[in-house]
Amino acid sequence: MDKHPFDLDNPAAYQQWRDTKRACHPRRAEDLIVDVADPRALSQAERDRLLALCANANMAIYRSPVVTEDKAIPRLLAARLGLRRLDGNWLADDDGISPIAVAAGSGDRPAFIPYTNRPIKWHTDGYYHPQSRQIQAMVLHCVRRAQTGGESAVMDHEMAYIALREVNPDWVRALMQPDAMTIPERTDEDGIARAEQTGPVFSVDAASGALHMRYTARTRSILWKDDAPTRAAVAFLEQLLAGEDSSVFRLTLQPGMGLVCNNVLHDRAGFVDDPAQPRLLYRARYLDRISGEIYEKSASSPREACVSSY
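In my numbering, the protein residues as written are 15 to 324.
Structure below.
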């Protein structure tokens with residue numbers, strides 16, 4: 015692809031993209047919020063605003079008065095944003111949507127952290143998937159919040175890429191290696207439940223030219239390539255995400271709110287439930303990216319190149 019900004023041998027294209035990205039990126043978590051009347055039936059203006067934010071920041075937060083337990087909310091909203099290929103993972107319900115809540119008793123869910131009240135470290139969804147099944151986008155809709163805690167942090171993975179490349183392009187090169195990160199196989203009583211997955215942290219989609227990130231901050235059940243650039247890059251990412259970088263936004267989703275994103279970096283704080291009204295979110299993960307009628311345009315300054323719905 016001509017003038018590819020993620021080509022480490024094309025610094026001019028990267029610098030132009032970087033300057034536009036920085037100029038267009040939101041400055042506060044509040045800048046991500048779009049008020050919508052009903053996420054199941056977005057107006058054209060609401061849809062355009064969500065698409066514009068996702069074009070500039072790979073994510074948006076919608077806020078609505080709709081607080082019913084309706085799994086059609088993430089599905090219908092996703093469809094309006096161009097998402098069709100729902101990833102029905104094995105812990106999701108039969109409709110492919112996962113109810114994220116504390117799971118008690120028997121079954122598989124209680125063994126996995128998203129279905130507990132424990133904190134979840136920084137990650138992108140599906141980091142244990144093969145490249146042929148990358149999670150490209152996600153909708154996370156809040157039905158009920160926790161009694162206390164449960165705050166999330168999010169970071170546009172393209173901003174993390176910029177942070178790494180500005181300090182040392184060789185760190186980016188290391189994380190683009192096809193064997194940069196390995197997730198060992200998972201076994202159960204029947205044998206291998208999920209095969210070992212090895213792949214890069216950063217990769218570029220050949221068709222769209224979009225940057226994808228595959229990452230987890232977990233320290234168990236993960237193997238990093240044992241070379242100096244990879245170790246240094248991983249250490250830098252850990253420090254970046256643990257610090258107070260201006261591109262890290264922290265917020266607690268309230269009932270009727272939701273995150274739509276191109277699988278950005280995110281974490282979750284631990285929480286305490288209200289036994290009468292336990293925390294519940296619906297998660298829908300997609301093999302598509304959020305898309306829409308967004309066009310490149312020439313501009314005399316980086317700010318003028320930002321995608322706008324106005």
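From the three backbone atoms N, C-alpha and C, an ideal C-beta is built for every residue, glycine too.
Would you please state the rounded distance, in angstroms, between the beta carbons of ALA384 and VAL153? I believe it to be under 8 Å.
The requested residue 384 does not occur in the structure, where the chain is confined to residues 15 to 324.
Which one of PRO243, VAL274, SER78 and TRP31 has the shortest CA to CA distance from SER139?
In the sequence as presented, Ser is not what sits at residue 139; that position holds Asp. Ranking the options by Cα distance to ASP139, first place goes to VAL274.
Taking THR266 as the reference, which of ARG36, GLU210, GLU165 and LEU225 has the closest Cα?
GLU165
Please confirm whether LEU100 and ALA298 have their CB atoms less than 8 Å apart.
yes
For ASN24 and ARG54, I'd like the C-alpha separation in whole angstroms.
42 Å
At what residues does the beta strand (DSSP E) containing ILE197 begin and finish?
195-197
Using the beta-carbon count (16 or more within 10 Å), is THR8 buried or exposed?
Residue 8 cannot be examined here, being either before or after the span of the chain that is shown, 15 to 324.
Under the assumption that ALA71 contacts ASP170 (Cβ atoms under 8 Å), give the Cβ distance between them as a whole number of angstroms.
5 Å
Could you tell me which residues DSSP puts in a beta bridge with ILE47?
ILE75
Which residues share a DSSP beta bridge with THR230?
HIS137
Would you kindly work out how many angstroms separate the C-alpha atoms of GLN253 and ARG245, rounded to a whole number?
13 Å
I'd like the ranges of any beta strand (DSSP E) spanning at least 3 consecutive residues and lying wholly in the stretch 255-312.
262-265, 271-275, 279-282 and 294-300
Once you ignore the five residues that flank SER78 on each side, which residues in its own chain have a CB closer than 6 Å to its CB?
VAL50, PRO53 and GLY270
Pull up the distance between the alpha-carbon of LEU90 and that of ASP62, whole angstroms please.
16 Å
Please go through the stretch 119-197 and give each complete beta strand (DSSP E) segment of 3 or more residues, from N-terminal end onward.
134-137, 151-158, 166-169 and 195-197
Tell me, please, whether the stretch 117-133 touches the stretch 191-199 by the rule of three or more beta-carbon pairs shorter than 8 Å.
no
Check whether the Cβ atoms of VAL48 and ALA74 sit closer than 8 Å, and answer yes or no.
yes
Spatial distance of ASP21 from ILE197 (CA atoms)
26 Å
I need the straight-line Cα distance from GLN29 to VAL80, nearest angstrom please.
42 Å
Determine, using beta carbons only, whether VAL173 and SER261 come nearer to each other than 8 Å.
It should be noted that the sequence gives Met, not Val, for residue 173. Cβ distance < 8 Å, so MET173 and SER261 count as in contact.
Which residues DSSP lists as bridging PRO216, in chain order
The question names Pro, but residue 216 in the sequence shown is Phe. Bridge partners of PHE216: MET227.
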